[in-house]
Each structure stands twice: as C-alpha cells, then as structure tokens.
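Notes follow once the structure below has been shown.
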Amino acid sequence: MASANANSIDGSEDVAVKAVNKRFEGLLTVRTKAIKGKGAWYWSHLEPILIKNPETNLPKAVKLKCTLCDAAFSASNPSRTATEHFKRGHLPQFQPGVEAHFSVTSIGLAFVAA
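Mapping of the sequence shown onto the UniProt record's numbering: residues 1 to 114, in sequence order.
Given below as structure tokens:
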C-alpha cells in the first residue's frame, strides 16, 4: 500500500514537472519568435527562467526575468505583467514626462528619448 501511494506521488510529480517544462519551452519559443519580429515588443526584455526545487533539483516553476533590472515575476500572464512592470519606470517610453520620438532606420525602428 505504501509503495502504491509513493508511485502515485511520483506520477503526479512527473506530470507537474512535464507541465513546467512544457510551459518553459513554450515561453522560449514565443520569445525567440518575438525577437525575430514575429511577436510583442516586450519579449526582447524578458527571459523565461526555470526555477528548480532545491531538495529534488526538479523544475517547479517558470518565472520571467526582466533583463533591464533583473526582477523576476510570474509567467502566468506575460503581456499584462510585462506592461505593468515597464510602466513602473524601467523603460524610458513609459516614464511620465519623457517625450518619445520614433524613427525608422535602415536596421529597423529606433527609439530616441527627447
């Protein structure tokens, strides 16, 4: 009976690990596509990170790390979380009183703060 219970715990743990890994891989795919120009602008500033359980060394969560300030936050709703994070002043175009000017260059879109 104890071994059956241990197997069910291992089985549910295995399902959870697979789900975390799948989420991590999905976020990496989205970020890679976005950096190549096929997605939202904020992905160039966010990096998915895999959080591991220190006791088992198995993946337990996925977080997003801001490459501008190294803050880590939930990956459950990246578009909302990123927008709220950047509005707090980590990007010049979201700071109050800063007038944003955009210009198109030969290599793409350039941002210039005035």
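Note that beta-carbon positions come from the ideal geometry of N, C-alpha and C, so glycine has one too.
Judged by DSSP in its simplified three-state form, L27 adopts helix. Here R31 is buried: its Cβ has 16 or more other Cβ atoms, across all protein chains shown, within 10 Å. Residue range 46-52 is occupied by the beta strand (DSSP E) that includes K52, with no alpha helix (DSSP H) assigned at that position. Counting along the chain, no beta strand (DSSP E) covers S79; the unbroken alpha helix (DSSP H) around it starts and ends at 78-87. Approximately 5 Å separates the beta-carbon atoms of T67 and H45; this is inside 8 Å, confirming the contact. Of the residues K52, K65, A71, G89, the one whose Cα lies closest to the Cα of N21 is K52. Going by beta carbons, A75 and K63 fall inside the 7 Å limit.
Rounded to the nearest angstrom, the gap between the Cα atoms of V17 and T29 is 18 Å.
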